[in-house]
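Presented below is the structure to which this report refers.
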Amino acid sequence: MNTNNEDQSFDNDAIEKWLENYFLDPLTSYFDQTQFRIDLYETDREWIVEALLPEFRSSDITVYVEDKKLFITVKKNAFSVDQVQNNRKRSIEFPFQVNCHRIMATFHNGILEVFISKLDKEYRKNRFITLP
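So the sequence shown is numbered by the numbering used here: it starts at 4 and just counts up by one.
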């Protein structure tokens, strides 16, 4: 018997509150403008995190999952005078253990999509998500 109810189902009220707080948080808009834009979508089968990164290549992007957090870091591999502008980072804290879900990522036409399965579980571990 699994004693962690968090892994068995999602509390819809908690998810709704979390989404509301995320999108109403002024820091979300600020980071959308100063770092890169992130959008969140939900389907019956998965959560989708979409990051708009038109000036980056897939080799510039790192996706890391740790406990309840998803980290997206982008770093241009080119040398430039304004190196700070080329390094950007965003994180999203979910209201559930995200690291125990199956996660895939794709990058196409400047859009990073991270798919977090609601149905498929994996052994709970912090890890990097590989881009194809």
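Heads up, the beta-carbon is just placed ideally off N, CA and C, and yes, glycines get one too.
Subject >> C-alpha gap between Ile18 and Asp63, whole angstroms >> reply: Numbered from 1 along the sequence shown, position 15 holds the residue referred to as residue 18. Numbered from 1 along the sequence shown, position 60 holds the residue referred to as residue 63. Approximately 31 angstroms, taken between the alpha carbons.
**OP:** Identify whether Leu73 lies in helix, strand or coil by the three-state DSSP scheme.
**Re:** The residue given as residue 73 occupies position 70 in the sequence shown. The answer is strand: DSSP assigns Leu73 an E or B state.
Original post:
Taking Cβ to Cβ, would you say Leu56 is nearer than 7 angstroms to Val77?
Top reply: In the sequence shown, counting from the first residue as 1, residue 56 sits at position 53. In the sequence shown, counting from the first residue as 1, residue 77 sits at position 74. For Leu56 and Val77, yes; Cβs fall inside 7 angstroms.
Original post:
Exposed or buried, Leu138, counting other C-beta atoms within 10 Å across all chains shown (16 or more means buried)?
Top reply: Look at the range of the chain in this structure, 4 to 135, and you will see that residue 138 is not part of it.
Subject >> Extent of the continuous alpha helix (DSSP H) to which Ser32 belongs >> reply: In the sequence shown, the residue the question calls residue 32 occupies position 29. First-last of the alpha helix (DSSP H) with Ser32: 29–37.
Subject >> Alpha carbon of His111 to alpha carbon of Lys124, nearest angstrom >> reply: The sequence position of residue 111 within the sequence shown is 108, counting from 1. The sequence position of residue 124 within the sequence shown is 121, counting from 1. Their Cα atoms are separated by approximately 26 angstroms.
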